[in-house]
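Protein chains in written order, with numbering that gives the first Met the number 0: chain L, 0 to 267; chain R, 0 to 445; chain A, 0 to 261.
Below: the structure, in C-alpha cells.
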Amino acid sequence: MDFMQNGNGVLESPVYNSNIMAADNQSDHQTVLLRIEKLEKQFGSLPVLQSVDVTIMPGVVTAIVGPNGSGKSTLIKSILGLVRPDRGTIWIKGQKINGDCSYRRHIGYMPQIARFPENLRVRELLYMIKDVRESEAKLDEDLWRIFALDKERDKVLRTLSGGTRQKVSAAIAFMFQPEILILDEPTAGLDPASSSKLKDKILQEKARGKTIVLTSHIMSEVEQMADDIAFLLDGQIRFTGKISALKAHAGATTLERAMAQMMEKGAE
Amino acid sequence: MKKRIFKNFAIIVLLSQISIVCFAGELTVEPNGTISTIEQALTQAQPHDTIYVNKALYREGNIVIGLPVTLIGVDWPVIDGENAHEVLTVTADSVTIKGFTIRNAAISYIEENAAIKVKETLGCIIDGNRLLNNFFGVYMEQSEAATITNNEISSVAKREANSGNGIHLWYCKSITIRNNRISGHRDGIYFEFVEHSKISGNISEHNLRYGLHFMFSNHCRYTKNTFRSNGAGVAVMYTHNVEMVENIFAQNWGSASFGLLLKEITDSEIRRNLFWQNTLGVYTEGSNRLQVNDNVFAQNGWAVRVMANSMQNHFAGNQFLENSFDVATNSRQNFNTFEGNYWSAYRGYDLNRDGIGDVPFRPVRLFSLIVEKQSASLILLRSFFIDMLDLAEQMLPMLTPETLIDRKPMMKRAKWLAEVYRPEAMLGGEDQAKTFYDRNEAVAQH
Amino acid sequence: MMNTTMKIIKYELFDVLRNKWLIGYALFFLLATDTLFRFGGGGAKVVLSFMNIMLFVIPLVCLIFSLMYIYNAREFIELLLSQPIRRSTLFRGMYFGLSAPLALGYLFGVGVPFLLHDNGAHLASLIMLLLSGVLLTFVFTALAFQIAAWQVDRAKGFGAALLAWLVFAVLYDGAILIISFTFADYPLEKPMLVLTMLNPIDLARILILLKSDFAALMGYTGAVFQHFFGSELGVVLALTVLAGWAIAPFWLGARFFRKRDF
Numbered sequence: 000m001d002f003m004q005n006g007n008g009v010l011e012s013p014v015y016n017s018n019i020m021a022a023d024n025q026s027d028h029q030t031v032l033l034r035i036e037k038l039e040k041q042f043g044s045l046p047v048l049q050s051v052d053v054t055i056m057p058g059v060v061t062a063i064v065g066p067n068g069s070g071k072s073t074l075i076k077s078i079l080g081l082v083r084p085d086r087g088t089i090w091i092k093g094q095k096i097n098g099d100c101s102y103r104r105h106i107g108y109m110p111q112i113a114r115f116p117e118n119l120r121v122r123e124l125l126y127m128i129k130d131v132r133e134s135e136a137k138l139d140e141d142l143w144r145i146f147a148l149d150k151e152r153d154k155v156l157r158t159l160s161g162g163t164r165q166k167v168s169a170a171i172a173f174m175f176q177p178e179i180l181i182l183d184e185p186t187a188g189l190d191p192a193s194s195s196k197l198k199d200k201i202l203q204e205k206a207r208g209k210t211i212v213l214t215s216h217i218m219s220e221v222e223q224m225a226d227d228i229a230f231l232l233d234g235q236i237r238f239t240g241k242i243s244a245l246k247a248h249a250g251a252t253t254l255e256r257a258m259a260q261m262m263e264k265g266a267e
Numbered sequence: 000m001k002k003r004i005f006k007n008f009a010i011i012v013l014l015s016q017i018s019i020v021c022f023a024g025e026l027t028v029e030p031n032g033t034i035s036t037i038e039q040a041l042t043q044a045q046p047h048d049t050i051y052v053n054k055a056l057y058r059e060g061n062i063v064i065g066l067p068v069t070l071i072g073v074d075w076p077v078i079d080g081e082n083a084h085e086v087l088t089v090t091a092d093s094v095t096i097k098g099f100t101i102r103n104a105a106i107s108y109i110e111e112n113a114a115i116k117v118k119e120t121l122g123c124i125i126d127g128n129r130l131l132n133n134f135f136g137v138y139m140e141q142s143e144a145a146t147i148t149n150n151e152i153s154s155v156a157k158r159e160a161n162s163g164n165g166i167h168l169w170y171c172k173s174i175t176i177r178n179n180r181i182s183g184h185r186d187g188i189y190f191e192f193v194e195h196s197k198i199s200g201n202i203s204e205h206n207l208r209y210g211l212h213f214m215f216s217n218h219c220r221y222t223k224n225t226f227r228s229n230g231a232g233v234a235v236m237y238t239h240n241v242e243m244v245e246n247i248f249a250q251n252w253g254s255a256s257f258g259l260l261l262k263e264i265t266d267s268e269i270r271r272n273l274f275w276q277n278t279l280g281v282y283t284e285g286s287n288r289l290q291v292n293d294n295v296f297a298q299n300g301w302a303v304r305v306m307a308n309s310m311q312n313h314f315a316g317n318q319f320l321e322n323s324f325d326v327a328t329n330s331r332q333n334f335n336t337f338e339g340n341y342w343s344a345y346r347g348y349d350l351n352r353d354g355i356g357d358v359p360f361r362p363v364r365l366f367s368l369i370v371e372k373q374s375a376s377l378i379l380l381r382s383f384f385i386d387m388l389d390l391a392e393q394m395l396p397m398l399t400p401e402t403l404i405d406r407k408p409m410m411k412r413a414k415w416l417a418e419v420y421r422p423e424a425m426l427g428g429e430d431q432a433k434t435f436y437d438r439n440e441a442v443a444q445h
Numbered sequence: 000m001m002n003t004t005m006k007i008i009k010y011e012l013f014d015v016l017r018n019k020w021l022i023g024y025a026l027f028f029l030l031a032t033d034t035l036f037r038f039g040g041g042g043a044k045v046v047l048s049f050m051n052i053m054l055f056v057i058p059l060v061c062l063i064f065s066l067m068y069i070y071n072a073r074e075f076i077e078l079l080l081s082q083p084i085r086r087s088t089l090f091r092g093m094y095f096g097l098s099a100p101l102a103l104g105y106l107f108g109v110g111v112p113f114l115l116h117d118n119g120a121h122l123a124s125l126i127m128l129l130l131s132g133v134l135l136t137f138v139f140t141a142l143a144f145q146i147a148a149w150q151v152d153r154a155k156g157f158g159a160a161l162l163a164w165l166v167f168a169v170l171y172d173g174a175i176l177i178i179s180f181t182f183a184d185y186p187l188e189k190p191m192l193v194l195t196m197l198n199p200i201d202l203a204r205i206l207i208l209l210k211s212d213f214a215a216l217m218g219y220t221g222a223v224f225q226h227f228f229g230s231e232l233g234v235v236l237a238l239t240v241l242a243g244w245a246i247a248p249f250w251l252g253a254r255f256f257r258k259r260d261f
C-alpha cells in the first residue's frame with residue numbers, strides 16, 4: 000500500500016487524497032468556497048475531530064460520509080458555528096470564521112431532526128426565520144409548491160407529522176437561495192416520492208451552481224447526488240476526492256463496497 | 000311609713016340646695032371691669048359663689064383657689080403660666096373649673112407644676128377645659144369624689160425626663176375620669192394608690208411613655224377608653240380587682256411596646272377589649288386569676304405573651320385573628336387555661352358539627368420559642384422552613400408547653416366580631432373607636 | 000442587534016402565550032387568589048397566605064417550565080443559530096420571550112382577583128407582592144437559563160434545578176437558623192441581614208412582610224432590621240439586590256451559552 004502523505008505530514012494515519020492539494024497556496028482562497036484546515040475538537044477526553052482538512056469547491060456537491068460517531072455532525076456543526084473547534088481554521092468564501100455570525104447568511108441548513116416551537120403556526124415559523132435572516136433575496140418557493148405545503152400554512156407545528164415537519168425544514172433551508180446548502184440526512188423520514196422530489200431539487204440547485212454539503216447513510220443516494228466525498232472515520236479524514244477515484248482506489252464497483260473496504264482497513 | 004319619711008327628707012335636702020343656689024353670689028372677671036383679675040375675684044368671693052371669667056388673656060402667676068367656688072370661663076378665656084409657675088392650685092372642696100384654656104405650666108425638675116393641681120379636697124369638678132402645653136395637665140393628690148370630664152389635654156413632650164403626665168392621681172378615691180382626650184404627655188393617665196375609680200370614654204394617644212399607667216390602684220374600672228400609638232402602650236402593675244372592659248389598645252408599635260402590660264395583677268377581669276396592631280397585645284408577668292374573655296386580638300406581632308410565673312388565668316371566647324404569634328411563653332410549664340377561643344390559625348375540622356373543632360389547638364408555635372432564644376431569627380418569619388418546623392411541632396409537641404392547649408377551639412368567628420372589627424374601617428382610627436363603642440352599647444343593652 | 004432580539008421575543012411570545020402549561024399557571028394563581036379572597040377572610044390575610052403560595056410556586060415553576068422549554072427547543076435553537084444571528088441575541092430573546100409571559104401570567108392571575116375583591120386598602124402590599132413576584136420570576140427563569148446553558152444533560156439539569164430550589168426555598172433558612180444558634184452570643188442582626196440578602200426568596204418574603212401591616216413587628220428585634228428595611232433606601236437596596244439576582248445568573252448563562260457546543 001502506498002500512502003500518500005498529508006501535505007503537512009502531521010497525520011500518521013493513512014489519508015487518500017485525490018485532490019490536487021494546494022492548501023497553503025494563498026491564491027487558492029478565492030476559488031475555494033469552503034476550506035477546513037487542521038480542525039480539532041475534543042469532547043471531554045474524547046477526540047471527535049483530529050486534524051481534519053476539507054476543501055470544497057463552488058458548485059460541487061460534497062457528501063460527508065462515515066459510520067455513526069465518526070464526527071460527521073461535529074464537522075457540520077463546526078461549519079455552522081454550533082460547535083467551537085479547539086484548533087484549526089474554517090474559511091468560507093475566503094473569510095475566516097471567528098465568532099462573527101454574518102457568514103451564515105450564505106448558508107441554508109436542514110438539520111437531521113426537524114423540531115419547532117410547538118405552538119407556532121407554520122407561517123409564523125416562516126416569518127420568524129425570514130425576519131431573523133433579513134434576507135433580501137427573492138424567496139425560492141419551489142419546495143412549498145412541490146411538497147404542497149401551502150395547505151399546512153395555518154396549522155400549528157405541534158400537529159404536523161414528522162414527515163411534514165421534515166418537508167417544512169427542507170423548504171426553509173432552500174427558501175433564501177443561499178450559496179451553500181448544508182443538509183444533514185435530508186431524505187431521512189421522507190416517503191419515497193417526497194425523497195425523490197427533494198433529490199431532484201438538490202440536483203437542480205447544483206445545476207444552478209450552488210454548493211451543497213450533505214450527509215447520508217444511503218450510499219446509492221450519495222452516488223446519485225454527490226461529486227466529491229469526504230470519508231470520516233474516528234474523527235479523521237480517511238479520504239477526500241471524487242467518488243470515482245475512491246471506487247477505483249478500493250477496486251470496488253459500488254461506493255458501498257468501497258466504503259466497507261475502507262472501514263475494514265481503518266479497523267486494522 | 001318608711002317611704003314617707005324618706006320623701007320628706009328628700010324635700011328638705013332639695014330646699015336646702017335651692018337656698019344655696021339662691022344665696023350664692025355671682026362675680027364677673029373682666030379686664031376692663033371692676034374685677035379685672037381672677038385673683039381679685041377670689042378675694043372678694045364668698046364660698047359657693049360663681050365667678051364668670053370673660054374672654055381675655057390672664058397672666059397672674061400661680062392662682063390658689065382656697066374656697067369652694069365655681070369658676071366658669073366665658074368664650075374660652077386663657078390663663079397663662081408663662082412657663083414660669085403652676086397655673087391653678089385648688090386646695091378647697093367642691094371647686095368647679097369649667098371652660099378655660101390653661102397653658103404653659105412650667106417644666107420643673109423639683110416641683111410637679113400643673114395646669115390644675117388639686118390637693119386634699121372633696122368633690123371637685125374639672126370639666127370642659129383645654130389644657131395646652133403644660134408640664135402636668137391635671138395633678139390630683141389625696142382627694143376624693145372628684146370628676147375630671149370632657150377636657151382636652153395636650154402637650155408636645157419630646158423627652159420623658161422633662162415631661163409630666165396628662166392626668167396624674169396620687170392617693171385618691173372615687174374619682175371619675177370621663178371623655179377626656181389626652182396626648183403628647185409622658186403618661187396619658189397616671190394612677191398611684193387610687194381606689195374605686197372609674198375611667199371611661201377617654202382617648203389617650205401619642206404619649207411618650209404609657210397611654211395609661213397605674214400601680215397599687217385596686218377596685219378601679221376602665222371602660223371604653225382608647226389607648227393608641229403610645230410609646231409603650233398601657234402598663235398596669237401591683238393591683239388587684241381591676242376591671243378593663245371594652246377598651247381599645249391599638250397601634251403600639253416598637254421594640255418595647257405592648258397593648259397592655261400586666262405585672263402582678265390579680266383577680267381581675269379583661270373583657271371585650273380590642274387589641275389591634277400592637278407589637279405585643281397582652282403581656283402578663285406574675286399575674287394570677289385573670290379572666291380574659293371575649294377580647295379581639297387582631298394583627299398583633301404577639302397577641303398574648305404569658306410568662307411562666309402567671310397562673311390560673313383563664314382565656315375564653317377570645318378572637319385571635321392574623322397575629323404573627325397567637326400565644327408565646329418562656330417555659331414548657333403552663334398553669335393557665337385556654338378554652339373556646341377562635342384562632343384564625345386553626346386548621347382543624349368539625350365532624351359532629353357542634354361548632355367546636357374536633358382537634359385541639361396548640362397556639363404556641365415552635366418558632367416563638369426560637370425567637371425567644373434568638374431574636375434575630377425573627378427575620379425568618381413566615382419562611383417555608385419555619386412553617387414546616389411549626390407543623391412538625393404541632394403534630395408531635397416536643398418543645399412547646401404540652402398543657403397550653405385549647406381543647407375547644409371554635410370553628411367560626413364570634414357573630415359579634417364583624418360589628419367590632421373591620422380592618423378596612425380601622426385605617427380611620429376614630430371611626431373604628433366609635434363603631435366599637437356602638438357595638439358594645441348594643442351588647443350592653445341587650 | 001436589539002432589533003433582532005425583539006423579533007425573537009415576538010415569535011417566542013406567540014409560542015409561549017399559547018402554551019397550555021403557562022395558561023394553567025396563570026389560572027392556578029387566579030383560582031388560588033380568588034379562593035383565598037372568598038374563604039380566607041380579609042385582604043391583609045390574603046396577602047400573607049398568598050405570599051406563602053407564591054414564594055413556593057414561582058421559583059419551582061419558573062425553573063422547571065423554563066428548563067423544559069429550553070431542553071425541548073434544543074433542535075430549534077440549533078436551527079436558529081445556523082442563521083445569521085448572534086448567540087447572545089438569541090439568548091436574550093429567548094430569556095425575555097419566556098420570562099415575560101411567566102411574569103404576565105402571574106400578574107394576571109393575582110391582579111384580577113385583587114381588583115375584583117379588594118377595595119384598595121392593601122395597595123402597598125399588593126404592589127410589593129406583584130413587584131417581588133415579577134422579580135422572582137425573572138430571577139428563577141434566569142437561573143434556569145444558566146443551568147440549561149451550563150448543563151447539556153437534561154437529567155442533570157433538572158437535578159440541579161431541583162437542588163437549587165430546595166436550597167433557596169428550604170435548606171437555606173435552616174442553615175440561617177443553625178448559624179443563629181451557633182453564634183447566639185454575638186450580635187447577629189447585621190450578619191443575618193446580609194445572609195438573607197443572599198437568598199432571593201428570603202428577600203422577596205421580607206419585602207412583602209414589610210409592606211403588609213405586619214411590618215412593624217420587625218421592631219421587636221431591635222433597630223437594625225427596622226432601620227434598614229423601614230427606610231426607602233433599604234427597600235430600594237433590597238429590590239436592587241433582587242434584580243441583581245436576576246442579572247447575575249443571566250449574565251453567567253449568557254457566557255456559558257456563548258461558549259458551549261451544540
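Note that CB positions come from ideal geometry on N, CA and C, so glycine has one too.
- 8 angstroms or more divides the Cβ of residue 91/R from the Cβ of residue 104/R.
- The Cβ-Cβ distance between residue 82/L and residue 37/L does not fall below 8 angstroms.
- Taking C-beta separations shorter than 6 angstroms and ignoring five residues to either side along the sequence, the partners of residue 355/R in its chain run 407, following chain order.
- Within a 10 Å sphere around the beta-carbon of residue 348/R sit fewer than 16 other beta-carbons, which makes this residue exposed.
- Here the C-alpha atom of residue 261/A lies approximately 8 angstroms from the C-alpha atom of residue 76/L.
- Going by DSSP, residue 248/L is part of the alpha helix (DSSP H) stretching over 242-249.
- Counting the other CB atoms within 10 Å of its CB gives residue 325/R a total of 16 or more, which places it among the buried residues.
- Around residue 196/A, the same chain offers 202, 237, 240 as residues with beta carbons nearer than 8 angstroms, after the five sequence neighbours per side are excluded.
- Here residue 224/R is actually not in contact with residue 206/R; their C-beta atoms are around 13 angstroms apart, not less than 8 angstroms.
- Here the alpha carbon of residue 129/R sits roughly 25 angstroms from the alpha carbon of residue 170/R.
- When the five nearest sequence neighbours on each side are left out, the beta carbons in the same chain lying within less than 8 angstroms of the beta carbon of residue 79/L are those of 103, 106, 108, 181, in order along the chain.
- The DSSP assignment places 179-183 as complete runs of the beta strand (DSSP E) inside the segment 163-187 of chain L, in order along the chain (cut-off: 3 residues).
- In this structure, the beta-carbon distance from residue 203/R to residue 226/R falls below 8 angstroms.
- A Cβ of chain R is located within less than 8 angstroms of the beta carbon of residue 175/A.
- In summary, residue 389/R is buried, with 16 or more beta-carbon neighbours lying within 10 Å of its beta-carbon over all protein chains present.
- Near chain A, meaning a CB-to-CB distance below 8 angstroms, the residues of the segment 90-119 of chain L are 100, 101, 102, 103, 104, 106, 108, 110, 112, 113, 114, 115, 116, 117, 118, 119.
- In the DSSP annotation of this structure, the continuous segment of the beta strand (DSSP E) that includes residue 118/R starts and ends at 113-118.
- Residues of chain A whose Cβ lies closer than 7 angstroms to the Cβ of residue 375/R are, in chain order, 179, 187, 188, 191, 220.
- Taking a cut-off of 8 angstroms for Cβ pairs, the segment 43-62 of chain L and the segment 54-68 of chain A do not touch, as fewer than three such pairs fall below it.
- Among the CB atoms of chain A, one or more fall inside 8 angstroms of the CB of residue 82/L.
- Of the candidates 320/R, 335/R, 304/R, 300/R, the residue whose Cα lies closest to the Cα of residue 311/R is 335/R.
- Boundaries of the beta strand (DSSP E) harbouring residue 335/R: 334-338, taken from the DSSP string.
- For residue 199/R, the enclosing beta strand (DSSP E) has its first and last residue at 197-199.
- In the three-state reduction of the DSSP assignment, residue 152/R falls in the strand class.
- If the five residues before and after residue 177/L are omitted, its C-beta is found closer than 6 angstroms to the C-beta atoms of 105, 106, 107, all from its own chain and listed in chain order.
- A distance below 8 angstroms separates the beta carbons of residue 77/A and residue 110/L.
- Residue 255/A is not a Cβ neighbour of residue 94/A, given a cutoff of 8 angstroms.
- In the pairwise beta carbon analysis, the segment 238-257 of chain L is classified as not touching the segment 87-97 of chain L: fewer than three pairs are separated by under 8 angstroms.
- Going by DSSP, residue 46/L is part of the beta strand (DSSP E) stretching over 45-55.
- When secondary structure is reduced to three states using DSSP, residue 329/R falls in the coil class, being assigned neither helix nor strand.
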